[in-house]
Amino acid sequence: MTSGLESFLQQIKRRDPEQAAFHQASEEVLRSLWPFLKLQPKYQSMGLLERLVEPERVIQFRIA
Numbered sequence: 888m889t890s891g892l893e894s895f896l897q898q899i900k901r902r903d904p905e906q907a908a909f910h911q912a913s914e915e916v917l918r919s920l921w922p923f924l925k926l927q928p929k930y931q932s933m934g935l936l937e938r939l940v941e942p943e944r945v946i947q948f949r950i951a
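Counted the way my numbering counts, the sequence shown spans residues 888 to 951.
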């Protein structure tokens, strides 16, 4: 595994420290995609990884 992948995974863990399941899923997906992304750097320059690892957010509020 390359240091680029390791540093990217660390960024995810620092950004969302309480999301252990998300960290595990992100790591599994990124490990499988990393060889392809190294061969196709255009996807990295488009910010594909950053978009893929943005966790879904649900905001709920009550209107009274």
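Here a beta-carbon is modelled for each residue, glycine too, at the ideal position from N, C-alpha and C.
First and last residue of the uninterrupted alpha helix (DSSP H) at R901: 890-902
Three-state secondary structure assigned by DSSP to Q927: coil
Cβ pair V940, S919 closer than 8 Å: no
Beta-carbon spacing of F895, P942 below 8 Å: no
Unbroken alpha helix (DSSP H) run spanning E937, endpoints: 935-939
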